[in-house]
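Here's the structure, in structure tokens; my notes come after.
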Amino acid sequence: MLRVEGLSRIFGDKKVVDDLNFTVEDGEFVALLGPSGCGKSTSLKMIAGLENPDTGVIELDGKDITHLGPGQRQLGMVFQSYALFPHLSVKENILFGLKARKVQKDEQQKRLTSVVDLVGLGEHLDKKPGQLSGGQCQRVALARAIVSEANLCLMDEPLSNLDAKLRNEMRTEIRALQQRLGMSVIYVTHDQVEAMSMADKIVLMNDGRIEQIGLPEDLYNRPATVFAAQFIGSPPMNIIPAGDKLLGVRPEHIRIEDGGMPGRVVSCDYHGADTIVLADIGGEGVSESLVKLRYPGHALFAAEQNISIHWKPEFEHQFSSSTRTSIDPQPTN
Amino acid sequence: MNRRLNLKAWLLMLPALSLLIAFTHWPTLKTFWRSATWAKSDVAPSQFVGLENYGLLIEDPVFWKVIENNFWYALGTVPTSIALAIAMALWVNGKIKHKGLLRLAYFTPTILPMITVANIWLFFYSPDIGLFDQLLRAVGIDGPNWLGDPDTALGSLMAMTIWKEAGFFMIFYLAALQTLSPELYDAAKVEGAGPWRIFRRITFPLLMPTTLFVLINALLNAFKLVDHLFILTKGGPNNASNLLLYYIYETAFSFLDSYYAATLTVVMLVALALIALAQMLLFDRKIHYR
């Protein structure tokens, strides 16, 4: 189990990471999610020992590792660029850590065979990274991270260099691998779909701070802040000012029904399974009165057409307009 | 169309090509020819003598002396200056204060004109009043006559060469180091590799293309050296510090034997070509180029 307490990092006069607190249980897949520059990669580097925290404690399995060198922490890590050693063969890349840690030769071979089997690299063992495709490089990086049989595996945007199709495949594969090995994983990503689909728990960060920690469905159903509400979901949640409060409704929860709030169609964006309709529910064309809604199928609304929209009260979220945090009454479901 | 394109290509190459031919290829051919001829005097017509000049060469003790000197000179300066260059590059590539100044300091020997540098070192090496002897006297040792003693003359030359070359080669290593991704080092550290293993298994192999380049240049420089010999020793005493190119110069312009000088030049050209070729063939397969 990994415990991070009060972790902070200051560059100059900017708090890049500000008072981070979270835990990773054994076998848990935790996503560190946030926009670029929110401090998630710096946090991961501090956990890896590649960056020194200014304050805070990192504990792994009850042992304080805050000031240990990266090699002494018994971690595996997958880098965004894969960081494969270009002059070494796939096999030597995978065995690099075991050789550095002076693991016995027969044990090395045993682990190599099993890990190569797991990630499916059999026929490429003697190739150099330059001869491999992006997906294969990714597998080598994964193999190198898990061959050490470390307690915790850190992944820094491991899929961001792959094309969309491969990314989907690898997503499923990494998740399956993690569950099969019962590995604890911290997975840094800016892609909410990756976090939502892979993680047991999401730590949502913004501007160096944690916005919300929770299950993927918590983040979607009960966003703690306006930021969380708008970061998760696509298109993001509509935020409509209403007095001293902000109302939040997701596009997929808005229906076009008679007898609701009057609005005017601005544009339609056809996506295949559904159409994103941009509607103006205020009198003037100010941005706060624009809402997006998801209309199933192909909507054929003309611009300026008058419509009436409606949402069920249970799908409505309320935020304070001063603190921008949730003031939802505790859900009863 | 094709013919016109070819003509255009030749025209574009013409300026560079004419310079190369006029100052490299033609003199080379002339040298080869001259090494096979001989004349009694400057005014007498030269006649073809085949390999006779090369026979003289084999019997010339000074030739063998300068070859031996050159061998020791290359062996003594090249590996040391490369090792120093790598060490300095690693040092000024790290997270240290004033690294700009340090880099400049290491590079300074290279930007100074060789003649100036040689004169400064001439003072360092001067017997009794020189810097080294003064320093040695301060700790109670009678310093040698660095450049005047056959035992120390070549070594003194080598020390100065290392001082000059290491800073120059450092620039190449520094440039190469800056292209290496920091994530590679992060990965190696996470995998538990210590500094020595990182250097031996990651940095050094990835620097091999630079090392080959530097090695060829260093070896060529070791054979091409002539300028500081003028100032420091003039090849003496008793040829103890004489090197091949300086001997060629002496033969051609002091002894005015251009035929024998041509013969020596051919030996040098062939030796240099062989060294470069051997290095390319030996190392090429083992080096990882990106």
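Just so you know, the sequences run in chain order Y and F.
Once you know that position 199 of the first sequence is 777 in the working numbering, the rest is easy, because the numbers rise by one and skip nothing.
Once you know that position 171 of the second sequence is 154 in the working numbering, the rest is easy, because the numbers rise by one and skip nothing.
No residue lacks a Cβ here, since even glycine has one placed at the ideal position from N, Cα and C.
> Using a Cβ-Cβ distance under 9 Å, would residue 78 of chain F count as near chain Y?
Replying inline: Indexing the second sequence from 1 puts residue 78 of chain F at position 95. For residue 78 of chain F, the answer is no, since every Cβ of chain Y falls outside 9 Å of its Cβ.
> Going along chain Y, which residues have a C-beta under 8 Å from residue 180 of chain F?
Replying inline: For the purposes of this step, residue 180 of chain F is taken as the residue at position 197 of the second sequence. Going along chain Y in sequence order, the residues near residue 180 of chain F (Cβ under 8 Å) are 678.
> Grouping DSSP H, G and I as helix and E and B as strand, with all else coil, what is residue 767 of chain Y?
Replying inline: Position 189 of the first sequence, counting from 1, holds the residue named residue 767 of chain Y. Residue 767 of chain Y: strand per DSSP, three-state reduction.
>> Which residue wins for smallest C-alpha separation from residue 737 of chain Y, given the options Y:746, Y:729, Y:615?
In response: Numbered from its first residue, the first sequence carries residue 737 of chain Y at position 159. Nearest Cα to residue 737 of chain Y within the set Y:746, Y:729, Y:615: Y:746.
> Residues of chain Y with a CB under 9 Å from the CB of residue 159 of chain F: which are they?
Replying inline: Here the question's residue 159 of chain F lines up with position 176 in the second sequence. Chain Y residues near residue 159 of chain F: none, gap ~13 Å exceeds 9 Å.
> For residue 891 of chain Y, does the count of other Cβ atoms within 10 angstroms reach 16, so buried, or fall short, so exposed?
Replying inline: Taking the first sequence and counting its residues from 1, one reaches residue 891 of chain Y at position 313. Residue 891 of chain Y comes out exposed.
>> Residues of chain Y with CB closer than 8 Å to the CB of residue 164 of chain F, please, in chain order.
In response: Counting from one through the second sequence, the residue named residue 164 of chain F turns up at place 181. Correct list: 659, 661.
> Taking three-plus beta-carbon pairs below 8 Å as touching, is the segment 148 to 156 of chain F in contact with the segment 636 to 651 of chain Y?
Replying inline: no
>> Please report the distance separating the alpha-carbon of residue 631 of chain Y from that of residue 715 of chain Y.
In response: Counting from 1 along the first sequence, the entry for residue 631 of chain Y is found at position 53. Counting from 1 along the first sequence, the entry for residue 715 of chain Y is found at position 137. Approximately 31 Å, taken between the alpha carbons.
> Using the beta-carbon of each residue, which ones in chain F are nearer than 8 Å to residue 814 of chain Y?
Replying inline: Translated into positions along the first sequence, residue 814 of chain Y becomes position 236. Those do not exist, as residue 814 of chain Y stays about 32 Å from chain F at its closest Cβ, beyond 8 Å.
>> Taking 8 Å as the cut-off, does the segment 150 to 165 of chain F touch the segment 113 to 129 of chain F (at least 3 CB pairs, one atom from each stretch)?
In response: no
>> Check for me: the alpha helix (DSSP H) holding residue 751 of chain Y runs from which residue to which?
In response: Counted from its first residue, the first sequence places residue 751 of chain Y at position 173. Segment 742 to 759, the alpha helix (DSSP H) holding residue 751 of chain Y.
>> Need the endpoints of the alpha helix (DSSP H) that residue 37 of chain F sits in, please.
In response: Your numbering for residue 37 of chain F matches position 54 in the second sequence. Residues 35 to 41.
> Quick one: which chain Y residues come within Cβ less than 8 Å of residue 69 of chain F?
Replying inline: Here the question's residue 69 of chain F lines up with position 86 in the second sequence. Chain Y residues near residue 69 of chain F: none, gap ~17 Å exceeds 8 Å.
> Name the chain Y residues that come within less than 7 Å of residue 167 of chain F, Cβ to Cβ?
Replying inline: Residue numbering aside, residue 167 of chain F sits at position 184 when the second sequence is read from its first letter. Chain Y residues near residue 167 of chain F: 661, 663.
>> Report the CB separation of residue 227 of chain F from residue 49 of chain F in whole angstroms; it is logged as a contact under 8 Å.
In response: Taking the second sequence and counting its residues from 1, one reaches residue 227 of chain F at position 244. Taking the second sequence and counting its residues from 1, one reaches residue 49 of chain F at position 66. Indeed, because the Cβ distance is near 5 Å, the residues count as touching under 8 Å.
> At what residue ranges does the segment 595 to 666 of chain Y contain a whole run of the beta strand (DSSP E), taking only runs of 3 or more?
Replying inline: 607 to 611, 633 to 638, 653 to 656
> When we look at the beta-carbon of residue 910 of chain Y and count the other beta-carbons within 10 Å, is it buried (16 or more) or exposed?
Replying inline: Counting from 1 along the first sequence, the entry for residue 910 of chain Y is found at position 332. For residue 910 of chain Y, the pLDDT reaches just 43, beneath the cut-off of 50, and the residue's location in the model is therefore unreliable, although a value from the coordinates is still provided. It is exposed - the Cβ of residue 910 of chain Y has fewer than 16 other Cβ atoms within 10 Å.
>> Can you pull the chain Y neighbours of residue 197 of chain F, defined as C-beta to C-beta under 7 Å?
In response: As a working mapping, residue 197 of chain F is identified with position 214 in the second sequence. Those within 7 Å of residue 197 of chain F in chain Y number zero; the least Cβ separation is about 18 Å.
>> Please give the ranges of any beta strand (DSSP E) in the segment 787 to 847 of chain Y, keeping only runs that are unbroken, at least 3 residues long and fully inside the region.
In response: 787 to 792, 816 to 820, 823 to 827
>> The beta strand (DSSP E) that contains residue 895 of chain Y, what's its start and end?
In response: Within the first sequence, numbered from 1, the residue matching residue 895 of chain Y stands at position 317. Where residue 895 of chain Y is concerned, the enclosing beta strand (DSSP E) stretches over 895 to 898.
>> Quick check: what's the CA-CA separation for residue 885 of chain Y versus residue 829 of chain Y?
In response: Against the first sequence, residue 885 of chain Y aligns to sequence position 307. Against the first sequence, residue 829 of chain Y aligns to sequence position 251. For residue 885 of chain Y and residue 829 of chain Y, the gap between their C-alpha atoms comes out near 15 Å.
> Which ranges does the alpha helix (DSSP H) cover as unbroken runs of at least 4 residues, wholly within the segment 134 to 158 of chain F, from first to last along the chain?
Replying inline: none
>> Bridge partners for residue 734 of chain Y per DSSP, in chain order?
In response: Residue numbering aside, residue 734 of chain Y sits at position 156 when the first sequence is read from its first letter. Residue 734 of chain Y is bridged to Y:766.
> Going along chain F, which residues have a C-beta under 9 Å from residue 655 of chain Y?
Replying inline: The residue given as residue 655 of chain Y occupies position 77 in the first sequence. Residues of chain F passing the Cβ test: 169, 170, 173, 174.
>> Excluding the 5 residues flanking residue 27 of chain F on each side, which residues of the same chain have their C-beta closer than 7 Å to its C-beta?
In response: Numbered from 1 along the second sequence, position 44 holds the residue referred to as residue 27 of chain F. Nothing listed; no residue qualifies.
> Residue range of the beta strand (DSSP E) that residue 853 of chain Y falls in?
Replying inline: The residue given as residue 853 of chain Y occupies position 275 in the first sequence. Looking at the DSSP string, the run of the beta strand (DSSP E) that includes residue 853 of chain Y is 852 to 858.
>> Assuming the contact rule is C-beta atoms closer than 8 Å, residue 845 of chain Y and residue 881 of chain Y should be a hit. Round their C-beta distance to whole Å, please.
In response: Counted from its first residue, the first sequence places residue 845 of chain Y at position 267. Counted from its first residue, the first sequence places residue 881 of chain Y at position 303. Yes, they are in contact, since the Cβ atoms of residue 845 of chain Y and residue 881 of chain Y sit about 6 Å apart, within 8 Å.
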